[in-house]
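Those letters in the sequence shown? Residues 5 to 756, by the numbering used here.
Heads up, the beta-carbon is just placed ideally off N, CA and C, and yes, glycines get one too.
Report on the structure given below.
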Amino acid sequence: MADGHHTRIGDAAPRHEGRVKVTGEARYPSDMPLHNPAYAWLVTSAIARGRIKSFRLDAARAVPGFIDILTFQNTQGQVKTLPAFGGGSSTLTLESDQVQHDGQIIGVVLADSLEAAREAAYKVGVDYEAQTPTAGFDSPGGTLKAVTDFNPKYHLPTKGDAAAAFAAAPVKIAADYETPTQHHNAMELFTVSCEWTDGKLTVHEPSQYIHSRAGLAAFFGMDQNDIRVVSRYVGGGFGGKSSGTQRTALIALAAKRLKRPVKLVATRDQGYTINTYRAETRHHVKIAAGRDGKIQAFIHEGTEVTSRPSNYMVGGVQTTGIFYDYGAVATKVSILQADRNTPGFMRSPAQVPYMFALESAMDELAYALNMDPVQLRRINDAQVNPINGKPYSSRHLNTCFEQAAKAFGWAARNPEPRSMRDGDWLIGWGCASTCYPSHVGASGMRITLTSDGTAKVQVAFIDIGQGSYTLVAQTAADRLGLPISKVAVEMGDSNLPPGSIAGGSNGAATSAMAVANTCEILRDRLAQAAVKANAGPLAGADPAALTLTAAGLTGPRGSESLKTAVGRLGGIIEATGEYAPPGSPPGAIQRLAMGIPSFAGGHNAKDYVSYAFGAQFVEVRVHARTGEIRAPRLVGAFAAGTIVSKTMAHSQLMGGLIWGLSSALHEATEIDHRAARYTNDNFADYLIPVNADVRDVQVIFVPEQETMLNPMGIKGIGELGNVGVNAAVANAVFHATGKRIRRLPIRIEDLI
Ligand code: MOS
């Protein structure tokens with residue numbers, strides 16, 4: 005750290021809450037002590053489509069400790085669809101006899117112990133009237149809708165006559181790509197505890213957005229200020245914990261009925277159906293170029309699966325359609341409604357599937373042109389949105405490629421497929437671009453500074469493991485002139501000043517700006533008091549010229565200690581500040597607190613478009629006889645504006661690269677198409693990389709000055725690392741084997 009005391013932005017500060025996490029002192033929501041709780045266990049449907057004819061409950065009721073079971077029969081009229089931010093809640097629960105997807109919540113058993121609740125739930129008998137379900141693509145009976153059918157205002161990037169330009173171009177490829185269903189599988193399960201006291205509700209629940217309580221308030225017809233949500237530590241979110249959900253409302257309802265706290269810890273397999281997931285997608289891509297490599301036409305048509313009642317989609321053509329300096333562009337998005345639970349956000353929701361298609365197609369085009377794929381990307385780089393000519397706020401994709409290629413040793417690559425070999429192992433080198441829209445939102449903030457040189461920062465923001473505690477503490481330390489160890493951070497409680505959603509990679513920019521603004525209020529108050537003092541080195545100085553440093557308050561003619569400066573104002577001062585970026589709706593902070601977050605930047609900026617960028621390089625080794633695939637080397641270089649917490653950012657990007665590897669080679673939720681049922685809904689069968697799969701992972705930060713998005717120049721990095729790696733791996737597999745795999749994940753059976 006710069007001067008041994010004063011922690012600065014950009015320093016490699018250690019994880020601020022690391023000690024409490026590794027010692028077990030950190031209390032996750034399901035660890036919170038409750039007085040005499042009842043335990044809930046979910047009963048979920050065994051069919052994907054149809055209706056419930058009757059329940060057989062005698063055996064369940066006979067279990068010692070059984071208290072009650074909520075079903076549609078005894079909750080009718082009290083249960084309604086929860087208005088959820090981001091379409092995030094699953095479909096119906098306990099609203100009627102209808103079953104809309106496998107694993108739908110159809111009952112909540114309540115008992116005096118966890119064991120009794122579980123036993124009783126397993127003894128619930130259900131008689132169904134079942135219909136044949138539609139599982140998704142390749143199952144008959146789905147409803148296909150174009151985005152324009154349900155959202156005529158949706159912006160589909162379009163430029164010129166892409167079909168004609170494609171037909172006329174000398175070099176072209178057309179290909180279909182496919183990505184599978186994935187589930188977030190955060191380590192921490194979906195849990196919720198609810199407690200009512202004097203008509204007020206307290207919810208302990210892992211959440212990425214503390215103000216999603218607004219949906220709950222609507223459900224119970226109560227003032228949201230009478231609901232307190234506490235979520236101090238979250239064991240992984242990845243987009244899966246960003247919305248209010250039906251199950252929270254059901255547990256709150258149960259607690260209200262029993263007049264007793266109720267606690268639910270849903271099982272791993274239930275988590276696959278009572279929550280959102282990443283939907284499977286299909287893509288038809290056509291790219292054509294001149295012999296010089298300049299792209300003349302780009303056509304991207306994507307289709308995504310969703311549930312029957314939902315129009316949820318991610319529509320990634322908004323990214324791919326403006327990514328390169330294309331000639332003509334045509335894009336289209338469709339959804340297929342099937343008998344499935346509703347999908348939702350999952351880390352880089354739009355970019356992971358859509359960039360896989362684009363970045364695979366770019367590699368195919370490079371081979372068709374007989375051109376180096378890095379060179380192809382370089383000559384088609386776009387400094388402005390090719391559709392409307394508005395600039396990218398900053399874009400250093402080419403620098404990322406240069407630095408990553410150098411670190412990787414790309415120059416030694418022989419482009420010929422199957423040309424590089426080490427004994428029985430075919431070696432493949434591949435690369436791809438990554439990107440993620442750079443968002444910034446609104447946030448409140450409260451900071452208390454004490455004359456002993458400690459500070460406390462309070463905000464209803466969330467740390468889902470991505471490093472928010474560290475980032476908030478580090479920004480405050482930077483601006484107050486303190487070591488980070490002297491800054492305490494309190495987050496994850498709706499009683500605190502409104503905080504941003506931990507999603508859309510906005511949190512770093514948003515929270516750092518709110519911290520900086522609030523520190524400026526503190527500095528200004530100290531400065532004003534110091535210059536007004538009768539004596540002292542700062543008396544009569546220009547308050548704007550005084551800075552806060554480790555030494556205290558410093559002016560042109562000297563400085564005084566924090567003890568003196570804060571002591572003058574009673575030894576402790578508190579400031580409440582906020583940040584709302586230009587372009588925010590009026591009352592952005594109030595809206596935020598009401599469960600309606602708003603983002604500036606990304607695609608929402610009026611005069612520019614803002615993204616973070618990166619280049620991904622991968623080495624794979626494919627065994628010539630067995631088809632076994634290994635990926636010993638991953639290199640990513642990223643340009644994302646100001647990096648606040650170097651260690652946290654490094655971990656996020658490294659984790660992202662590994663997740664990208666997972667998306668290429670491991671992850672898929674398997675679906676039994678006859679039953680529209682997930683079959684590998686557990687950690688044993690849902691493949692994720694283990695240590696043996698991950699070898700050398702290198703993260704390079706490319707320095708970048710961003711001036712349009714926010715005054716601190718911060719872009720988010722949370723969802724940047726995992727995009728593009730899937731394509732880089734597929735491209736490397738082609739280089740190794742000569743086989744182009746267009747459907748993820750890539751498996752041994754694809755290669756032998
Ligand atoms: Mo992220 S999918 O916006 O939590």
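Could you pull out every residue in the same chain whose Cβ sits closer than 8 Å to the Cβ of residue i, ignoring the five residues on either side in sequence?
i      : result
SER498 : ILE214, HIS215, ARG217, ILE231, ARG232, VAL233, VAL234 and ALA464
THR152 : TYR158 and LEU160
ALA415 : ALA409
ASP385 : TYR328, ASP329, ARG399, LEU401 and ASN402
SER197 : PRO33, SER34, MET36, LEU38, PRO41, VAL207, HIS208, GLU209, ILE255, PRO265, VAL266, LYS267 and LEU268
GLU753 : GLY631
Is there at least one non-hydrogen atom of ligand 1 closer than 7 Å to the beta-carbon of residue i?
i      : result
PHE302 : no
GLY508 : yes
SER666 : no
GLN702 : no
PHE705 : no
PRO601 : no
GLY243 : yes
GLN656 : no
GLN186 : no
GLU582 : no
SER489 : no
PRO210 : no
MET712 : no
SER504 : no
One question on the structure: do residue i and residue j come within less than 8 Å of each other, judged by their Cβ atoms?
i      : j      : result
SER3   : GLU710 : Within the shown structure, residues of the chain are numbered from 5 to 756, placing residue 3 beyond reach of any answer.
LEU724 : ALA668 : no
GLU305 : LYS336 : yes
GLY645 : GLY717 : yes
GLY432 : ALA736 : yes
LEU665 : VAL570 : no
HIS10  : ALA554 : yes
ALA169 : GLY331 : yes
ARG60  : GLN102 : no
HIS288 : PHE242 : no
LEU762 : TYR43  : Limits of the chain in this structure are 5 at one end and 756 at the other, which puts residue 762 out of reach.
SER655 : ALA446 : no
GLY240 : GLY511 : no
TYR181 : ALA334 : no
LEU369 : ALA301 : no
ASP106 : ARG681 : yes
GLY146 : ALA342 : yes
PRO265 : PRO41  : yes
Can you give me the Cβ contacts of residue i inside the same chain, cut-off strictly under 7 Å, excluding the 5 residues immediately before and after it?
i      : result
VAL706 : HIS400, THR403, CYS404, GLN407, ALA641, PHE642 and ALA643
LEU691 : HIS670 and GLU671
THR479 : ILE13, ALA516, VAL519, ALA520 and VAL648
GLY660 : LEU724, GLY725 and ASN726
THR252 : VAL196, VAL207, GLU209 and LEU220
Go to residue i, then tell me how far its beta strand (DSSP E) extends in each direction, as first and last residue.
i      : result
GLN478 : Careful: GLN478 lies outside any beta strand (DSSP E), inside the alpha helix (DSSP H) at 472 to 484.
LYS460 : 458 to 462
ARG286 : 285 to 293
LEU638 : 633 to 643
GLN322 : That residue, GLN322, is in no beta strand (DSSP E); its alpha helix (DSSP H) goes 321 to 324.
ALA134 : 129 to 134
Identify the residues that DSSP records as bridge partners of residue i: which are they?
i      : result
GLN341 : THR147 and THR310
ASP426 : TRP429
GLN102 : ARG55
HIS627 : TRP429
MET449 : GLY581
LEU268 : ALA44 and VAL196
Taking 6 Å as the limit between beta carbons, can you name the residues of its chain near residue i, skipping five residues before and five after?
i      : result
GLU123 : VAL67
ARG450 : GLN462, PRO501 and THR580
MET598 : ALA218
PHE738 : ARG744
GLY69  : ALA115, ASP116, SER117 and ALA120
ARG282 : GLN186 and MET350
If I follow the unbroken alpha helix (DSSP H) through residue i, where does it start and stop?
i      : result
GLY54  : First-last for GLY54: 54 to 60, but that is the beta strand (DSSP E), not the alpha helix (DSSP H).
THR280 : That residue, THR280, is in no alpha helix (DSSP H); it is neither H nor E in DSSP.
LEU566 : 566 to 572
ILE752 : 752 to 755
Just to check, is the beta-carbon of residue i closer than 7 Å to a non-hydrogen atom of ligand 2?
i      : result
GLY471 : No copy of ligand 2 appears in this structure; the ligands present are ligand 1.
Is any beta-carbon of chain D found at less than 8 Å from that of residue i?
i      : result
GLY496 : No chain D appears in the structure shown, which is made up of a single protein chain.
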